[in-house]
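Enquirer:
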Amino acid sequence: MPSKEKAAKSIDKARKWLDEAKKNRKFELFDSCLVSAYSAMFHAARSLLFRDGFREKSHYCLARYLEEKYVDPGKLERTVVDLLDRFRELRHEDLYELDFSAIEEDADEAIQNAETVITSIAKLLQ
11 MPSKEKAAKS IDKARKWLDE AKKNRKFELF DSCLVSAYSA MFHAARSLLF
61 RDGFREKSHY CLARYLEEKY VDPGKLERTV VDLLDRFREL RHEDLYELDF
111 SAIEEDADEA IQNAETVITS IAKLLQ
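Number 136 marks the last residue of the sequence shown (the working numbering); no jumps.
1. Are three or more beta carbon pairs between the region 32-46 and the region 112-125 nearer than 8 Å?
2. Could you have a look at Leu-100 and say whether DSSP puts it in helix, strand or coil?
3. Does the distance from the CB of Ile-131 to the CB of Ala-47 come in under 8 Å?
4. Would you kindly work out how many angstroms separate the C-alpha atoms of Phe-110 and His-102, rounded to a whole number?
5. Ala-24 and Ile-121: beta carbons closer than 8 Å?
6. Please tell me whether Tyr-80 and Leu-94 are closer than 8 Å, where the distance is taken between their beta carbons.
7. Could you pull out every residue in the same chain whose Cβ sits closer than 8 Å to the Cβ of Ala-73, ignoring the five residues on either side in sequence?
8. If I measure Cβ to Cβ from Glu-100 and keep anything under 8 Å in the same chain, skipping five residues before and after, which residues do I get?
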C-alpha cells in the first residue's frame with residue numbers, strides 16, 4: 011500500500027544518517043562514516059519504495075527497482091543508482107572484509123555522494 015507518511019519518515023531517516031556520517035567524519039571514524047553515509051543513501055532510496063507501496067527485500071534489488079521505475083523512464087539520473095550500488099559494495103567490504111579500512115578520501119566521497127542521492131530523491135518525493 012503506498013504510503014507518503016513512510017516515505018517522509020524514510021527520507022528524514024536518510025538525513026539523520028547523513029548527519030551521523032558527518033559526525034563520524036569529524037572524529038576521523040572513517041569506517042563508521044562510510045557505513046552511515048551508505049545508510050543515508052539506502053533510506054533515501056527506500057523512501058521511493060514506500061511511496062510506491064513496496065518494501066525492499068534486498069539492498070541489491072532496491073537499486074534494480076530504481077533503475078526500472080525511475081532511471082529507465084528518465085525520472086532519475088543513472089548516477090544516483092550507480093552511487094547506491096558503488097557504496098553498497100564498499101559498505102559490504104567495510105563490514106565483512108578483514109583487510110579493508112576506509113580512508114579519509116572514502117569518507118569525504120561518501121558524504122558528498124550521500125548528499126547527492128538524498129537531494130535527487132527528495133525532489134522526486136515533492
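Glycine included, C-beta positions come from ideal geometry on N, C-alpha and C.
Expert: In short, the structure shows the following:
1. yes
2. Along the sequence shown, read from residue 1 onward, the residue named residue 100 stands at position 90. Leu-100: helix per DSSP, three-state reduction.
3. Residue 131 sits at position 121 when you count from the first residue of the sequence shown. Residue 47 sits at position 37 when you count from the first residue of the sequence shown. Not in contact: Ile-131 and Ala-47 (Cβ atoms no closer than 8 Å).
4. Counting from 1 along the sequence shown, the entry for residue 110 is found at position 100. Counting from 1 along the sequence shown, the entry for residue 102 is found at position 92. Between Phe-110 and His-102, the C-alpha separation is close to 10 Å.
5. On the sequence shown, residue 24 is found 14 positions in, with the first residue counted as 1. On the sequence shown, residue 121 is found 111 positions in, with the first residue counted as 1. No, the pair does not count as a contact, with Cβ atoms beyond the cut-off.
6. Looking up residue 80 in the sequence shown gives position 70. Looking up residue 94 in the sequence shown gives position 84. Their beta carbons are not under 8 Å apart, which means Tyr-80 does not touch Leu-94 by this criterion.
7. In the sequence shown, residue 73 corresponds to position 63, counting from 1. Closer than 8 Å at Cβ, skipping near neighbours: Ala-55, Val-91, Leu-94, Asp-95, Arg-98.
8. Position 90 of the sequence shown, counting from 1, holds the residue named residue 100. The amino acid at residue 100 is misidentified as Glu; the sequence shows Leu. So the list reads Leu-44, Tyr-48, Ala-112, Asp-116, Ala-120, once near-sequence residues are dropped.
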